[in-house]
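Numbering (the working numbering), first residue to last: 552 to 859.
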């Protein structure tokens, strides 16, 4: 009996070895994560760029756009990232490649970072169609495609001379993760800054405004006219953008983003807000990206700036 059991186990073992041999001797290959973003302005280093909404449309008044991303790799080494832009007629209107290296990171894995800036020259704009595709490759292997619309239009509003984006805050008393608090605030404020800069000739970002308002409680300026007058005396801008963020401790509770825009000439206050909840998603980046995009384009912030 003892011998029969061992013979049976030996046969099973041989069969398994045969299956591994004919399947290449390996289990299913590990999938390496790829994350790519198309932005119209360089994000700040203290923000979390994967949470910035992708640019879907570029205009004549945009000077450039940026492609940045990373790819998980198996080991350190030299690589080449290739970019190809094709118009609706499938003609390649832009092609560029750059060498880069994958490096070991603190978690023990390996990442390949890439970042390139593409100038919207007159020659390039002449070849773009309304609908275009950006293809990104690593060592001639396709990574991802991004759709990009091009519209011949100047979207800078000449009626707005200057906009100030104030440092963001939380208007709730609940505890946030203070290690990531600044990163979250920076991401929200800077992603808005990157988009708002497309519609106004001069925008003062939150990290600059913060240096000039250290003795002012920003939250109070929305409802307190005396506090707001202090801001007007410091900057003399047309519009002031305030932002409040709620990042809950638990995934089943809603994330919230509230934006107030105060017109210094008329004292009009416009409010734009959005929330996101997804119990299955434990990462905050997708929720941040959705809320930022919605406030800008679905809730009307960009339309408001364009219409002044």
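Where is the CB? At the ideal position from N, CA and C, for every residue including glycine.
Query: Measure how close the beta-carbons of residue 836 and residue 601 come, nearest whole angstrom, since I'm counting them as under 8 Å.; Result: 5 Å
Query: Under 7 Å between the Cβ atoms of residue 632 and residue 651?; Result: yes
Query: Residue 690: which of 743, 676, 629 and 702 sits nearest, CA to CA?; Result: 629
Query: Where DSSP assigns a beta bridge to residue 648, which residues make up the other side?; Result: 633
Query: Tell me, to the nearest whole angstrom, how far the beta carbon of residue 719 is from that of residue 740; I am working on the premise that it is less than 8 Å.; Result: 5 Å
Query: So the candidates are 717, 777, 774 and 731; which of them puts its Cα closest to the Cα of residue 755?; Result: 717
Query: Secondary structure at residue 660, three-state DSSP: helix, strand or coil?; Result: coil
Query: For residue 747, tell me which candidate among 620, 611, 607 and 853 has the shortest Cα-Cα distance.; Result: 853
Query: For the region 756-771 and the region 780-788, state whether three or more C-beta atom pairs, one from each stretch, are separated by less than 8 Å.; Result: yes
Query: So residue 603 packs on residue 588, CB below 8 Å; how close in whole Å?; Result: 6 Å
Query: What residue does the alpha helix (DSSP H) around residue 683 start on, and which one ends it?; Result: That residue, residue 683, is in no alpha helix (DSSP H); its beta strand (DSSP E) goes 682-689.
Query: Whole alpha helix (DSSP H) runs in the region 773-813 with 4 or more residues, listed along the chain?; Result: 776-786
Query: Mark residue 742 as exposed unless 16 or more other C-beta atoms lie within 10 angstroms of its C-beta, in which case mark it buried.; Result: buried
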